[in-house]
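Number of protein chains: 2
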Amino acid sequence: MIEKIDHIAITVPHIKKAVEWYTKYRKCKVKYQDESWALLQFKNVDLALVLPAEHPPHIAFVDNTIKNGTIHRDGSESIYDHDTFGNIIEKIKYEKKNKK
Amino acid sequence: MIEKIDHIAITVPHIKKAVEWYTKYRKCKVKYQDESWALLQFKNVDLALVLPAEHPPHIAFVDNTIKNGTIHRDGSESIYDHDTFGNIIEKIKYEKKNKK
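Protein chains in written order, with my numbering: chain A, 465 to 564; chain B, 465 to 564.
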């Protein structure tokens with residue numbers, strides 16, 4: 465069985481302005497937003513908008529096998545990784561109650 | 465109704481090596497591959513691996529309203545765009561027979 469991509473994160477210089485731009489540009493739902501990042505929900509995958517000083521641009525793969533990762537407020541747990549070509553990858557798992 | 469992201473494209477220096485790396489790293493299916501790019505199918509979205517000299521890294525949104533775009537071999541039609549923050553965006557539509 466093939467796996468799922470949880471979200472993609474791109475960098476923007478200003479979260480509020482980027483949320484305004486993207487929600488005007490495409491039909492999507494704001495799942496989360498604060499001053500340092502936002503999460504936009506599309507039909508099949510989420511798009512994170514992040515400040516360059518806070519997070520790198522990355523792709524997050526769902527991986528329920530990870531251990532000892534960083535625990536986030538929504539109960540998810542994740543570990544940063546990278547490919548051998550310079551791209552940053554996150555592996556993320558959700559608690560069962562929040563399972564996507 | 466919220467919209468769909470068709471694919472995300474990241475740059476890699478060598479397509480064959482990157483396909484080998486990603487298919488070993490995550491469970492996914494190689495939908496297309498040549499020397500200049502490859503398309504990996506995940507459960508919910510596709511991941512394109514592209515050479516920096518051929519394509520920029522980008523996010524492709526499904527948009528069936530585009531006109532006069534570039535026609536690709538698979539019958540899809542697309543236009544490149546960008547946000548106001550420097551990120552490159554593709555808008556892509558598929559012929560009905562190939563509709564995702």
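Ideal Cβ positions, reconstructed from N, Cα and C, are used throughout, including at glycine.
Simplified DSSP state of residue i, which is helix, strand or coil
i: E541/B; result: strand
i: K564/B; result: Residue placement at K564/B is poorly supported in this model, since its pLDDT is 48, which falls under 50; the coordinates still yield a value, given next. Residue state, collapsed to three classes: coil.
i: K491/B; result: coil
i: E559/B; result: coil
i: I530/B; result: coil
i: V483/A; result: helix
Where the beta strand (DSSP E) through residue i begins and ends
i: F475/A; result: Looking at the sequence itself, residue 475/A is Thr, so the reference to Phe does not match. Taken as a continuous stretch (DSSP letters only), the beta strand (DSSP E) holding T475/A covers 469-475.
Those residues which DSSP pairs with residue i across a bridge
i: W501/A; result: V514/A
i: E554/B; result: A524/B, Y544/B
i: Y496/A; result: L503/A
i: I466/B; result: Paired residue(s): none; I466/B is not in a bridge.
Counted within 10 angstroms of its Cβ, other Cβ atoms place residue i as buried (16 or more) or exposed
i: N562/B; result: Because N562/B sits at a pLDDT of 45, beneath the cut-off of 50, its placement in the model cannot be relied upon, and the point is left open.
i: K564/B; result: Low confidence applies to K564/B: its pLDDT is 48, below 50, so where it sits in the model is not reliable, and the reading given next is rough at best. K564/B comes out exposed.
i: R490/A; result: buried
i: E554/A; result: buried
i: K557/B; result: buried
i: K480/A; result: exposed
i: K488/B; result: exposed
i: I472/A; result: buried
i: Y486/B; result: buried
i: A482/A; result: buried
Expected contact under 8 Å - CB spacing of residue i and residue j to nearest Å
i: P520/A; j: I474/A; result: Contact flag wrong, Cβ pair sits at about 10 Å.
i: K493/A; j: I466/B; result: 6 Å
i: I543/B; j: G533/B; result: 4 Å
i: I523/B; j: E541/B; result: Their Cβ separation, rounded to whole angstroms, is 17 Å, which puts I523/B and E541/B out of contact at 8 Å.
i: L513/A; j: I469/B; result: In fact, because the Cβ distance is near 14 Å, the residues do not count as touching under 8 Å.
Any residues in the stretch 483-495 of chain A with a beta carbon nearer than 8 Å to a beta carbon of chain E? Which ones, in chain order? No chain E appears in this structure, whose protein chains are A and B.
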